[in-house]
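Reviewing the structure listed below.
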Ligand code: ADP
Ligand code: MG
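Numbering (my numbering), first residue to last: 8 to 302.
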């Protein structure tokens with residue numbers, strides 16, 4: 008029995024760990040002219056480790072980590088998982104979170120033991136008076152300069168300190184970037200909500216030259232639209248809730264299967280079920296072959 012080429016391509020993709028949601032998606036993969044990657048959880052393993060705890064003057068380091076872990080507990084963000092894991096490894100009982108709220112690309116906030124705890128990107132400090140935030144800003148600069156992700160903890164409006172998180176590049180990331188560059192003729196770009204220091208550090212390891220850092224979810228959408236306006240057909244790979252709007256905007260959105268949040272999986276046109284980046288160039292090549300047969 009012979010299946011139509013696009014359907015056999017989908018079946019083959021499935022056997023290689025890629026869930027392609029429709030024949031149209033399988034067909035359009037061939038048109039990809041630029042690939043854009045999210046960083047945390049996509050180009051990196053998304054299992055960052057706590058590399059340092061910097062408590063503000065007068066704040067206990069253990070107490071800082073304990074409250075931060077409590078606020079992060081309900082979050083599915085890779086950074087949240089890292090903070091929680093670190094607390095558990097140190098045998099700290101994680102306090103229950105009340106009135107939890109999370110803002111994609113920003114961080115989380117919760118009521119812990121009657122205190123308002125906020126954990127997230129350093130711009131959290133912008134809501135505080137300069138003289139209150141100054142010392143913590145200094146620590147953030149230091150942490151980011153080392154290529155780490157700085158997460159700020161604010162308790163009842165007081166900066167309690169900075170958590171330094173270190174992530175690792177996925178083993179196939181650099182080879183995938185190279186293969187995609189050869190296939191599309193364009194070097195993939197990096198779109199991240201993380202700081203420029205951590206972004207450049209990772210981009211250098213992956214062989215990416217074009218890096219856009221500090222992006223909020225809506226900024227990722229703008230970036231995709233910007234290159235689309237120049238005629239690029241964008242394939243975006245991401246994992247987070249923060250990537251969902253940009254995944255929907257790109258010609259093709261691809262989500263990481265294991266690392267991916269539910270929203271990213273629903274929004275994407277295809278899913279890398281095993282989080283294996285090297286399946287991407289294989290998929291584009293497969294789509295091109297299937298289309299040659301169709302025509
Ligand atoms: P990326 O685009 O690299 O996947 P995100 O957009 O998910 O990164 O996050 C951007 C930044 O927002 C993080 O570097 C961190 O500073 C902050 N952030 C987002 N969610 C959380 C969270 N749950 N805990 C701590 N920080 C967070
Ligand atoms: Mg991510």
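Virtual Cβ for every residue (Gly too), placed ideally from N, Cα, C.
**Unbroken alpha helix (DSSP H) run spanning residue 150, endpoints** = For the purposes of this step, residue 150 is identified with residue 143 of the chain shown, where counting begins at 1. 137–152 is the extent of the alpha helix (DSSP H) around residue 150.
**Message:** I need the residues with a C-beta less than 6 Å from some heavy atom of ligand 1; please give them in chain order.
**Reply:** 45, 46, 47, 48, 79, 82, 84, 86, 87, 112, 113, 114, 115, 126, 127, 128, 156, 158, 199, 200, 201, 247, 249
**Request:** Identify the continuous beta strand (DSSP E) that holds residue 165 and give its terminal residues.
**Result:** Within the chain shown, numbered from 1, the residue matching residue 165 stands at position 158. Taken as a continuous stretch (DSSP letters only), the beta strand (DSSP E) holding residue 165 covers 165–173.
**Request:** Figure out for me which residue from 26, 15, 12, 16 has the closest Cα to the Cα of residue 282.
**Result:** As a working note, residue 282 is residue 275 in the chain shown. Minimum Cα distance to residue 282 is reached at 26.
**Item:** Alpha carbon of residue 303 to alpha carbon of residue 213, nearest angstrom
**Value:** Residue coverage of the chain in this structure runs from 8 to 302, which leaves residue 303 outside it and unanswerable.
**For residue 4, the residue or residues it bridges with in DSSP** = The structure shown does not extend to residue 4, since the chain is modelled only from 8 through 302, so no value can be given for it.
**Request:** Take residue 173 and list the residues in its own chain whose beta-carbon comes closer than 7 Å to its own, dropping the five residues that flank it on each side.
**Result:** Against the chain shown, residue 173 aligns to sequence position 166. Same-chain partners within the cutoff: 55, 56, 58, 155.
**Request:** Give the single residue among 19, 185, 61 whose Cα lies nearest to the Cα of residue 143.
**Result:** Locating residue 143 in the chain shown gives position 136, counting from the first residue. The option with the nearest alpha carbon to residue 143 is 61.
**Asked** Would the beta-carbon of residue 246 fall within 8 Å of that of residue 48?
**Response** Within the chain shown, the letter at position 239 stands for residue 246. Within the chain shown, the letter at position 41 stands for residue 48. Contact flag set, yes.
**Message:** Quick test of your reading: residue 40 and residue 191, contact by CB under 8 Å. State the CB separation rounded to the nearest angstrom.
**Reply:** For the purposes of this step, residue 40 is taken as the residue at position 33 of the chain shown. For the purposes of this step, residue 191 is taken as the residue at position 184 of the chain shown. With a Cβ gap of about 6 Å, residue 40 and residue 191 count as contacting.
**Request:** Verify the contact flag: residue 245, CB atom, against every heavy atom of ligand 2, threshold strictly below 7 Å.
**Result:** As a working mapping, residue 245 is identified with position 238 in the chain shown. Residue 245 Cβ: within cutoff of ligand 2.
**Prompt:** If you check the beta carbons only, do residue 264 and residue 248 fall under 8 Å apart?
**Reply:** Taking the chain shown and counting its residues from 1, the one referred to as residue 264 is at position 257. Taking the chain shown and counting its residues from 1, the one referred to as residue 248 is at position 241. It is not a contact, given that the beta carbons lie outside the stated cut-off.
**Asked** Using the C-alpha atoms, what's the distance from residue 165 back to residue 226?
**Response** Counted from its first residue, the chain shown places residue 226 at position 219. Counted from its first residue, the chain shown places residue 165 at position 158. Answer to the nearest angstrom: the Cα atoms are 29 Å apart.
**Request:** Return the first residue and the last residue of the beta strand (DSSP E) that residue 245 is part of.
**Result:** As a working mapping, residue 245 is identified with position 238 in the chain shown. Here the beta strand (DSSP E) through residue 245 covers 241–245.
**Asked** Under the three-state reduction of DSSP, which class applies to residue 284: helix, strand or coil?
**Response** Sequence index remark: in the chain shown, residue 284 carries index 277 (1-based). Three-state DSSP puts residue 284 in coil, outside helix and strand.
**Request:** With a threshold of 16 other CB atoms inside 10 Å of the CB of residue 258, please say whether the residue is buried or exposed.
**Result:** Here the question's residue 258 lines up with position 251 in the chain shown. Residue 258 is buried by the Cβ-count criterion.
**Asked** Where does residue 66 sit, in a helix, a strand or coil, going by DSSP?
**Response** Position 59 of the chain shown, counting from 1, holds the residue named residue 66. Coil, per DSSP.
**Message:** Please give me, in chain order, every unbroken run of the beta strand (DSSP E) with length at least 3 that falls completely inside the region 197–226.
**Reply:** 217–219
**Message:** Please report the distance separating the alpha-carbon of residue 278 from that of residue 64.
**Reply:** For this step, residue 278 is matched to residue 271 along the chain shown. For this step, residue 64 is matched to residue 57 along the chain shown. Cα-Cα distance, rounded: 46 Å.
**Request:** Return yes when the Cβ of residue 261 is within less than 8 Å of the Cβ of residue 242, no when it is not.
**Result:** As a first step, residue 242 is located in the chain shown; it is residue number 235 there, counting from the start. As a first step, residue 261 is located in the chain shown; it is residue number 254 there, counting from the start. Yes, they are a contact pair.
**Prompt:** Excluding sequence positions up to five away, which residues of its chain have a Cβ less than 6 Å from the Cβ of residue 111?
**Reply:** Along the chain shown, read from residue 1 onward, the residue named residue 111 stands at position 104. So the list reads 224, 248, 249, once near-sequence residues are dropped.
**Asked** How should residue 168 be labelled, buried or exposed, when 16 other C-beta atoms within 10 angstroms of its C-beta is the threshold for buried?
**Response** Here residue 168 is taken as the residue at index 161 of the chain shown, counted from 1. With 16 or more other Cβ atoms within 10 Å, it is buried.
**Request:** State the beta-bridge partners of residue 156 as determined by DSSP.
**Result:** Here residue 156 refers to the residue found at position 149 when the chain shown is read from its first residue. Answer by DSSP bridge pairing, in chain order: 172.
**Request:** Spatial neighbours of residue 122 within its chain, please: CB distance less than 6 Å, with the 5 preceding and 5 following residues excluded, ordered by chain position.
**Result:** On the chain shown, residue 122 is found 115 positions in, with the first residue counted as 1. Here the set comprises 162, 163.
**Asked** Going by C-alpha distance, which of 118, 45, 98, 284 is nearest residue 79?
**Response** The count along the chain shown starts at 1 and reaches residue 79 at position 72. Of the candidates 118, 45, 98, 284, the one whose C-alpha sits nearest the C-alpha of residue 79 is 118.
**Message:** I need the boundaries of the beta strand (DSSP E) containing residue 279, first residue and last residue.
**Reply:** For the purposes of this step, residue 279 is identified with residue 272 of the chain shown, where counting begins at 1. First-last of the beta strand (DSSP E) with residue 279: 277–279.
**Asked** Would DSSP call residue 233 helix, strand or coil?
**Response** The residue given as residue 233 occupies position 226 in the chain shown. Helix at residue 233.
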